[in-house]
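A.B. asks:
In this note's numbering, the protein residues as written are 321 to 603.
1. Less than 7 Å between C-beta atoms, sequence neighbours within five positions excluded: which residues of the same chain meet that for residue 501?
2. Would you tell me roughly how many angstroms separate the C-alpha atoms of residue 351 and residue 394, rounded to the nearest one?
3. Any idea if residue 399 is buried or exposed, counting beta-carbon neighbours within 10 angstroms, 16 or more meaning buried?
4. Unbroken alpha helix (DSSP H) runs of length 4 or more, entirely within the stretch 379-443: which are they?
5. When DSSP labels each residue in this structure, what does residue 582 get in the three-state scheme?
6. Do the CB positions of residue 511 and residue 560 come within less than 9 Å of each other?
7. Please confirm whether residue 391 and residue 374 have their CB atoms less than 9 Å apart.
8. Quick check on DSSP: helix, strand or coil for residue 537?
9. Please state the DSSP three-state secondary structure of residue 591.
10. So, for residue 598: in the same chain, excluding its five sequence neighbours on each side, which residues have a beta-carbon less than 6 Å away from its beta-carbon?
11. For residue 571, does the three-state DSSP call read helix, strand or coil?
12. Are residue 334 and residue 325 touching if we call contact CB-CB under 9 Å?
13. Determine the extent of the alpha helix (DSSP H) in which residue 501 is found, giving its start and end residues.
14. Which of helix, strand or coil does DSSP assign to residue 338?
15. What does DSSP give as the partner residues of residue 445 in its beta bridges?
16. Could you work out which residue in 549, 479, 455 is closest to residue 497 when comparing CA atoms only?
17. If you draw a straight line from the alpha carbon of residue 585 to that of residue 578, how long is it in whole angstroms?
18. Look at the Cβ atom of residue 343, then the Cβ atom of residue 591, and state whether they are nearer than 9 Å.
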C-alpha cells in the first residue's frame with residue numbers, strides 16, 4: 321500500500337487530503353457521508369471570539385465555473401466551539417486543524433490562547449482574510465505589516481506547541497512578499513489560496529445578487545490562480561509546506577497543485593455537489 325502520509329510543521333497526517341475551511345462546518349454534516357478518520361484532517365470553519373450572525377441573504381450565487389459565497393463567518397464563537405464541536409470531532413478520532421479569524425490583532429491572540437490547552441488539535445489555521453477594524457477595514461491579508469503582526473501574536477501565544485498555517489488571499493499584487501513576512505513572523509506553513517473577491521449582478525433586479533454585495537469566488541474558475549500562487553510562493557520558499565486549494569474536483573486537479581508545490585490539498589466547493597468528493601479525489 322502506498323504511504324500517503326504528510327507532515328505540516330511537527331504535525332503528522334495520514335493523508336494529504338484535507339477539507340477546506342467553511343465547507344465542512346464542524347465536521348458533523350460531512351461525517352454522514354465519509355469516515356473522517358480516512359482524510360488528513362478536518363479544517364474547521366473559521367472561529368471567532370464571539371457568536372456571529374453572518375451576512376444577510378442571499379449568501380450564495382452559482383457562476384458558470386464555480387460559486388460565490390458571502391457567508392460572513394457565521395458561527396457560535398470560540399467558547400461554544402470548544403465546549404461542543406471540538407469534543408465531538410475528537411470523539412470521532414478525526415484529526416483537527418482549527419481555523420481562527422479576528423477583527424483585531426488582539427482577537428487572534430485571544431483565540432490562540434484559548435486553543436493552547438485544548439485537546440485534540442493538530443494545527444491552527446490563521447485566516448487573515450478578514451477586515452481589520454483598527455485600520456479602516458483593510459483586510460489583514462492585504463496589509464503586509466498587519467499580516468506579520470497577526471502571525472507574530474499567535475506564535476508568541478502558542479509557543480512551539482502547535483503548527484501555525486497562515487491562510488493568504490490572492491487579492492494582492494505581491495503574494496510572495498506577504499508569504500515571506502508571515503513565515504518570518506512564525507508561520508510553519510501556508511494555505512493557498514483563499515477565495516477571490518467577486519460580485520454577481522442579478523439581471524432581474526439590476527442589483528448585486530448577494531446580500532453582502534461582494535463575495536468569494538471558488539471552484540474550477542480559480543484553479544489556475546491557485547496554481548500560479550502556489551508555484552510562485554514555493555519557488556521563493558521551497559522549505560515551507562503549502563496546503564493548496566482552489567477548484568480541486570479530481571485527482572488530476574490535486575496533482576496539478578502538488579506539481580506546483582503543494583504538500584497537501586484542501587477540497588471545498590467540490591463537496592457541495594458530492595459530499596464524498598474528498599475520498600474520490602484521494603483514491
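All residues carry an ideal CB built from backbone N, CA and C; glycine is no exception. Only a predicted model underlies this, so the values are computations on that prediction, with no experimental measurement involved.
C.D. replies: On the basis of the data shown:
1. Taking the first residue of the chain shown as 1, we reach residue 501 at position 181. Taken in chain order, the residues that qualify are 464, 467, 468.
2. As a working mapping, residue 351 is identified with position 31 in the chain shown. As a working mapping, residue 394 is identified with position 74 in the chain shown. When only Cα atoms are considered, residue 351 and residue 394 end up about 21 Å apart.
3. Within the chain shown, residue 399 is the residue found at index 79, counting from 1. Counting other Cβ atoms within 10 Å of its Cβ, residue 399 stays below 16 and is therefore classed as exposed.
4. With a minimum length of 4 residues, the continuous alpha helix (DSSP H) runs that stay inside the stretch 379-443 are 406-411, 425-436.
5. Taking the first residue of the chain shown as 1, we reach residue 582 at position 262. Coil at residue 582, not helix or strand.
6. Numbered from its first residue, the chain shown carries residue 511 at position 191. Numbered from its first residue, the chain shown carries residue 560 at position 240. Contact flag unset, no.
7. As a first step, residue 391 is located in the chain shown; it is residue number 71 there, counting from the start. As a first step, residue 374 is located in the chain shown; it is residue number 54 there, counting from the start. The answer is yes: Cβ separation under 9 Å.
8. Locating residue 537 in the chain shown gives position 217, where the first residue counts as 1. For residue 537, the three-state secondary structure derived from DSSP is strand.
9. Residue 591 sits at position 271 when you count from the first residue of the chain shown. Taken through DSSP and simplified to helix, strand or coil, residue 591 comes out as helix.
10. Counting from one through the chain shown, the residue named residue 598 turns up at place 278. The beta carbon of residue 598 sits closer than 6 Å to the beta carbons of 337, 359, 587 from its chain, once the five residues preceding and following it are set aside; these are given in chain order.
11. Within the chain shown, the letter at position 251 stands for residue 571. Correct three-state label for residue 571: helix.
12. Reading the chain shown from its first residue, position 14 is the one you call residue 334. Reading the chain shown from its first residue, position 5 is the one you call residue 325. Contact: yes.
13. Position 181 of the chain shown, counted from the first residue, corresponds to residue 501. Per DSSP, residue 501 belongs to the alpha helix (DSSP H) from 495-505.
14. Locating residue 338 in the chain shown gives position 18, counting from the first residue. Here residue 338 sits in strand by DSSP.
15. Counted from its first residue, the chain shown places residue 445 at position 125. DSSP output for residue 445 lists 419, 485 as bridge partner(s).
16. Residue numbering aside, residue 497 sits at position 177 when the chain shown is read from its first letter. The candidate whose alpha carbon is nearest that of residue 497 is 549.
17. Residue mapping note: residue 585 aligns to position 265 of the chain shown, counting from 1. Residue mapping note: residue 578 aligns to position 258 of the chain shown, counting from 1. C-alpha of residue 585 to C-alpha of residue 578: approximately 8 Å in a straight line.
18. Locating residue 343 in the chain shown gives position 23, where the first residue counts as 1. Locating residue 591 in the chain shown gives position 271, where the first residue counts as 1. Judged by beta-carbon spacing, residue 591 lies within the 9 Å limit of residue 343, meaning their Cβ atoms are closer than that value.
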